[in-house]
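In what follows, a structure is listed as structure tokens, so that the remarks can point back to it.
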Amino acid sequence: MSIETPNPLYVPEILTKILSHLDVKTLLLSQRVSKQWAEIIQTSPHLQECLFFKPAPRDIEVTLNPLLAEKFPDWFYTIEEEPWNQIGHETFNELEWGSSPGVAMAYRRSDASWRKMLLRQPPLEEMLIDYTRVDKQGLFFWEVKVEKKEGIRMGLAYDYMYEAMYKCIFVSVDGPIYNHGFMFDWREEKVAGVRSTERCSRIKVLVRQGCSACAEDCEGCRDVNGYHRIFRSEGFEKEAANEDAYLKMMQDEGFETW
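Residue 34 in full-length UniProt numbering sits at position 34 of the sequence shown, and the numbers go up by one each step.
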């Protein structure tokens, strides 16, 4: 009597191996195939690592999250030469997020998958945000350090940049002052990727304030109220809205802040 060979797609161990070869987007969408597939993908530690939901061991090769890099390119693109003049609010306007109300609704959900994804594997444990401001008062530098032992996830990285670009820092004689642009500096990452024993677990983020790269009367950089609310996630992490050292310093000096 012949023995029926089981369909490999119904054998969890075999299916897991097959699914592990899929790209991130396809693997994520494969959860819709059936309840069985969804359960396997959601409970398999290895597949959760492949989806950048679960931290991978630190001894693996550094890999940036390809799906996040596709959907949020300016969080993963490093400009090699100075000066750079990325304009923060334009970065948001160019996201797929703003292409239609339906797409915006999907991105804004507090339980959206992208918010829970790690920026890279093995995960970053620290995000060091360097702020620079040049004005009539002088040259100012200050920084904010964000540490997450379980890894920096995209939701937090996004919220910090949203807050940085759309929150008025203070009111000068010329009107409201906003941060002008940001850049995630992955240059250290390229060096770390060459070394097999030492991995860089920190990402440096550069944020510039003012309109040094724009015309003097740059209304575009100032007129960011209203429309920008479409880019605020329902899962906005309060930690990203904490007062930074520079804002407190400006208040202590008697400047009017918003």
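Just so you know, even glycine gets a beta-carbon here, dropped at the ideal spot from N, CA and C.
Report the rounded CA-to-CA distance for residue i versus residue j, giving the unit in angstroms.
i: residue 20; j: residue 47; result: 6 Å
i: residue 147; j: residue 8; result: 43 Å
i: residue 27; j: residue 51; result: 7 Å
i: residue 94; j: residue 11; result: 43 Å
i: residue 69; j: residue 229; result: 23 Å
i: residue 55; j: residue 149; result: 10 Å
i: residue 102; j: residue 112; result: 14 Å
i: residue 216; j: residue 157; result: Interpretation of residue 216 is limited by its pLDDT of 48, a score under 50 that renders its predicted location unreliable; the figure taken from the coordinates is listed afterwards. Approximately 30 Å between the Cα atoms of the pair.
i: residue 32; j: residue 18; result: 16 Å
i: residue 60; j: residue 138; result: 45 Å
i: residue 100; j: residue 34; result: 29 Å
i: residue 43; j: residue 164; result: 36 Å
i: residue 187; j: residue 206; result: 12 Å
i: residue 13; j: residue 36; result: 12 Å
Taking only three categories from DSSP, how would you classify residue i?
i: residue 58; result: coil
i: residue 185; result: strand
i: residue 126; result: strand
i: residue 64; result: strand
i: residue 202; result: strand
i: residue 119; result: coil
i: residue 229; result: helix
i: residue 261; result: No answer is possible for residue 261: the residues shown for the chain start at 1 and end at 258.
i: residue 46; result: helix
As a quick exercise: from the options, pick the residue whose alpha carbon is nearest that of residue i.
i: residue 144; options: 202, 229, 33; result: 202
i: residue 15; options: 41, 130, 25; result: 41
i: residue 346; options: 34, 61, 183; result: Nothing can be reported for residue 346, as the shown portion of the chain is limited to 1 through 258.
i: residue 129; options: 237, 185, 38; result: 185
Can you name, in chain order, every residue of its own chain whose Cβ lies under 8 Å from the Cβ of residue i, other than the five neighbours on each side?
i: residue 110; result: 233, 234, 235
i: residue 152; result: 118, 119, 123, 124, 125, 126, 127, 146, 203
i: residue 24; result: 50, 51, 52, 65, 66, 67
i: residue 63; result: 120, 121
DSSP beta-bridge partners for residue i?
i: residue 260; result: Residue 260 lies beyond the residue range present for the chain, which begins at 1 and ends at 258; the question has no answer from this structure.
i: residue 153; result: 118
With a threshold of 7 Å on Cβ separation, who are the neighbours of residue i within its own chain once the five nearest residues in sequence on each side are excluded?
i: residue 22; result: 30
i: residue 162; result: 231, 232
i: residue 97; result: 103, 104, 107, 231
i: residue 57; result: 122
i: residue 71; result: 96, 114
i: residue 45; result: 54
i: residue 38; result: 31
i: residue 237; result: 155, 156, 159
Answer yes or no: the CB of residue i versus the heavy atoms of the ligand FAD, is any distance below 7 Å?
i: residue 99; result: Summarising the ligand content, the structure contains no ligands, and the ligand FAD is consequently not present.
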